[in-house]
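A.B. asks:
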Amino acid sequence: MFKKEEVMTVEEFLQMEKVKEIETYLSKNKNMEKVFVFMLGSLMYCQNVMACNADLSKVNKAGNVILNIVQTFGYWACIVLCIIDLLKHLFDGNTKNIGKIVSGYVVAFSAFYFIPWIFDIIKSIFK
């Protein structure tokens with residue numbers, strides 16, 4: 001009934017005509033259509049990868065703060081629990097297991113520092 005008219009400049013009209021010409025060429029040539037779809041998909045994939053450039057310094061800083069808190073808490077927890085465990089065994093008269101108890105807590109505490117260190121080594125290898 002009513003036809004909507006579109007107003008455009010001469011350059012826009014010529015550009016639209018070029019697009020229509022390319023579209024008809026691609027629709028007639030199936031090989032070219034496959035190449036075009038593959039290239040378009042590849043470019044869209046690469047565009048997403050290249051567009052992602054996040055600054056992670058704040059995340060690293062927050063992670064280090066949390067890690068330091070956990071390490072400090074682990075330090076005091078290991079000391080207190082080791083002393084409690086030693087006192088329990090000493091009051092029971094069991095002095096043979098003192099070395100095992102202390103070494104167990106030393107290994108547990110060293111894990112708080114060993115695990116981040118080994119992760120940093122792995123990260124530096126693959127960088």
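Oh and the sequence shown: position 121 is 121 in the UniProt record's numbering, straight run, nothing missing.
Idealized CB from N, CA, C, for every residue including glycine.
1. What is the C-beta distance between isoleucine 101 and leucine 86, in whole angstroms, given that I count them as a contact (C-beta under 8 Å)?
2. Could you check if tyrosine 113 is buried or exposed, using at least 16 other CB atoms within 10 Å of its CB as the buried criterion?
3. For leucine 67, which of helix, strand or coil comes out of DSSP?
4. Start and end of the alpha helix (DSSP H) containing methionine 16?
5. In the DSSP assignment, find the unbroken alpha helix (DSSP H) run with valine 7 in it and report its ends.
C.D. replies: Once the coordinates are examined:
1. 6 Å
2. exposed
3. helix
4. Its alpha helix (DSSP H) spans residues 10–28.
5. Counting along the chain, valine 7 falls outside any alpha helix (DSSP H), and DSSP gives it neither H nor E.
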